[in-house]
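Everything below concerns the one structure shown next.
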Amino acid sequence: SRLNKKRRKTLKLLSHEFKKDSRVKRNQDKLVMIPIIMFQDTEPQIHHVIIVTIDNGINIGISFIYDETRNMVLVTGIHTDKSSIRKQHQWLSSKHMTDCECCKDFQTNIDH
93 SRLNKKRRKT LKLLSHEFKK DSRVKRNQDK LVMIPIIMFQ DTEPQIHHVI IVTIDNGINI
153 GISFIYDETR NMVLVTGIHT DKSSIRKQHQ WLSSKHMTDC ECCKDFQTNI DH
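Under the working numbering, the sequence shown has 187 at position 95, and the numbering climbs by one with no breaks.
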């Protein structure tokens with residue numbers, strides 16, 4: 093396929109490196125949780141995404157949900173597509189359809 097013929101770079105992060113980098117780069121006062129809608133089977137659920145910088149100019153979104161039965165937060169996904177995050181976020185409120193800046197800090201050149 094055409095996708096496989098493109099030149100690619102791989103960024104490998106070991107778990108301990110990612111945790112260390114996340115602690116250094118994260119600004120506690122600016123931690124924003126972006127609500128998005130996702131589906132479990134056919135049931136809609138509200139998840140939240142935080143934007144994490146993994147390298148210069150490269151962000152990912154980590155989504156999570158609170159599991160009341162287990163009384164804990166569960167990570168539900170890693171998001172690399174700003175457009176998809178915006179669409180899932182916009183479905184929650186019509187006021188976010190035009191002038192939403194909730195994802196403005198998300199930068200990436202990851203192309204699946």
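Just so it is clear, CB atoms sit at the ideal spot from N, CA and C, and this is done for glycine as well.
Sequence-distant residues of the same chain with beta carbon closer than 8 Å to residue i, five excluded per side
i: M189; result: Q182
i: L184; result: P127, I128, I129 and I138
i: I177; result: I126, I128, V141, G153, H171, C195 and F198
i: T159; result: It is worth fixing the name first, because residue 159 is Asp in this sequence and not Thr. Here the set comprises V165 and L166.
i: I143; result: V124, I126, N151, I152, G153, C195, D197 and F198
Same chain, Cβ closer than 6 Å to residue i, neighbours up to 5 away in sequence not counted
i: I128; result: H139, V141, Q180 and H181
Of the residues the options, the one placed nearest residue i, counting alpha carbons only
i: C132; options: G169, V124 and H108; result: First, the residue type needs correcting, since residue 132 is Gln and not Cys in the sequence shown. Closest by alpha carbon: G169.
i: F198; options: C192, Y158 and G153; result: G153
i: E109; options: D147, L123 and I143; result: D147
Residue i vs residue j beta-carbon contact at 7 Å
i: C194; j: K174; result: no
Residues near residue i by beta carbon distance below 7 Å, same chain, minus five either side
i: F156; result: H139, H140, V165, L166, V167 and T168
- [ ] Could you name each continuous beta strand (DSSP E) segment of 3 residues or more that falls completely within the stretch 121-186, going from the start of the chain to the end?
- [x] 125-132, 135-147, 150-159 and 164-171
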